[in-house]
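Reading through the structure tokens given below for one structure.
Numbering (our numbering), first residue to last: 4 to 175.
Dropping the structure here:
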């Protein structure tokens, strides 16, 4: 899989159709008309919702949600133009779990050079009872000691949860 499939087989400027210079995976430029396009990682906002007693709410990724179908994660998704990262984290919890959350603070920012996203994760407090959705085929409140480490959808899910549990245990 290419880091930037948008530049695969591209050799002409999308504005004027002149030959373009492609510096995969990061940019395309045209000496004829001056057009330039830079391709950057997409921001993904997420929240780890916690119940009032400290349990961590995770969802099992529902049908047609690859990568990670059938595995556990917390609500998150791409930040839309016109919204803040915080607004996106709250929106994703609403869309995926049908709950309102209050963000408690930034947990961490996660990225790897070979990934197309930068994940920004907040801790949050739940307001209400979550409901199943097309994106969440199962929802469960886990005690921090019972997180299903071998069934997590993404490396960043595991990393953020490890940091949260370590912080709660006073190790961070």
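Where a beta carbon is used, it is the ideal one built from N, C-alpha and C, also for glycine.
Under DSSP, residue 30 takes part in a beta bridge, and its partners are 26 and 41. Of the residues assessed, residue 129 falls on the buried side of the cut-off, its CB having 16 or more other CB atoms within 10 angstroms. A residue is called buried once 16 or more other Cβ atoms fall within 10 Å of its Cβ, and residue 112, having fewer, is exposed. Each of 90, 98 and 101 was checked against the Cα of residue 108, and the nearest Cα belongs to 90.
Under DSSP, residue 64 shares a beta bridge with 139. For residue 160, the enclosing alpha helix (DSSP H) covers residues 158-171. Per the Cβ contact rule, the segment 80-100 is not in contact with the segment 10-24 (fewer than 3 Cβ pairs under 8 Å). The beta carbon of residue 103 is closer than 7 Å to those of 97, 130 and 131 in its chain, skipping five residues each way along the sequence. In this structure residue 63 touches residue 139 by the C-beta definition: roughly 7 Å separates them, less than 8 Å.
A distance of 9 Å or more separates the beta carbons of residue 32 and residue 20.
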